[in-house]
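Enquirer: Note that this note's numbering gives residue 395 to position 23 of the sequence shown, counting from 1, and the numbers run on in steps of one.
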Amino acid sequence: MALVLKAAFEHFSCPAVEALNLPKSSFLWRNREALERASRKAHAELESQARRHNTRTPQKVPCQKHFYKAFLQELYPDACVKLIERRLSQTYARHCNPLQLIDWTVPQKFLRKSSQFGAMVFFKTVCNSWTCSARYHDGRLASCAFGCTAERGSLEHYLACQGLWGLVHRASAHFVSDNVLQRLCIIEPSPNHLNNLIIAYTVYHSLKSSRLQLLCDAVATGNFDHVQGVGMDIARAAAERQ
Ligand SMILES: [Zn+2]
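1) Please indicate yes or no: does the CB of G535 lie closer than 6 Å to some heavy atom of ligand 1?
2) Output yes or no for whether 7 Å exceeds the beta carbon distance between V552 and A572.
3) Spatial neighbours of A610 within its chain, please: C-beta separation below 6 Å, excluding the five flanking residues on both sides.
4) Which residues in the same chain have their Cβ closer than 6 Å to the Cβ of I606, if we skip the five residues on either side of it in sequence?
5) Consider the C-beta atom of E408 and the heavy atoms of ligand 1; say whether any pair is separated by less than 6 Å.
6) Got a sec? Which residues, its chain only, sit under 7 Å from P479 by beta carbon, not counting five neighbours each side?
7) Taking the alpha helix (DSSP H) that C588 falls in, what are its first and last residues?
8) Is the stretch 505–522 touching the stretch 480–497 in the sense that three or more CB pairs, one from each, lie closer than 8 Å?
9) Could you give the DSSP three-state label for R524: helix, strand or coil?
10) In three-state DSSP terms, what is S487?
11) How about C516: is its Cβ closer than 6 Å to a heavy atom in ligand 1?
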């Protein structure tokens, strides 16, 4: 067993990489130190696992899995977190400052247990991927669709929009937080907060995709009663599906 581990470790160690005679500009060469660190980490973990299980059947030890996981963490550290932080700082500066106080392991653990649709809604929201006119620059719904006439039709506003979240509050059986980071499930995430976010997401996109003229008429006339009525039906139906 020890020989198998030693061979695996040496295969990925510095002399082995040099023996491959890779061009110095190659990706592997540039990341050689990171790969060495990953190799040592994977090797230590494999040895630890072997000691715990006291096994003499090396073919059953998932060497490749350990090395793959270690390499991934070294070469792409927190890539998803970096992307989210960049989007949050660009799009939601007024809601998410300062970002450095956020413990990203909390939403990461939470999302692993969430539904696929819930996780999709989370990522589409934190990455500013709602179909808002402010993002599309389509000019069709420049101001808020729910009655805040002084506000742009942007996701930054919709995350705090009283018209939209008032619908969520009335349709949902769960507490609706005033804290945007909690609404986003970035701090203190819970299935209830995610369900509320799903309702808000569903109301906006259902209205925007199938009742655009209704929204445009409301913005033009300043009368949002019909929008609130249709939005409430959508919100209740979304809440019942949770
Ligand atoms: Zn609004």
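Every residue gets a Cβ at the ideal spot worked out from N, C-alpha and C, and that includes glycine.
Expert: Let me spell this out:
1) yes
2) no
3) I571, T574
4) V575, S578
5) no
6) C557, I558, P561
7) 584–593
8) no
9) strand
10) coil
11) yes
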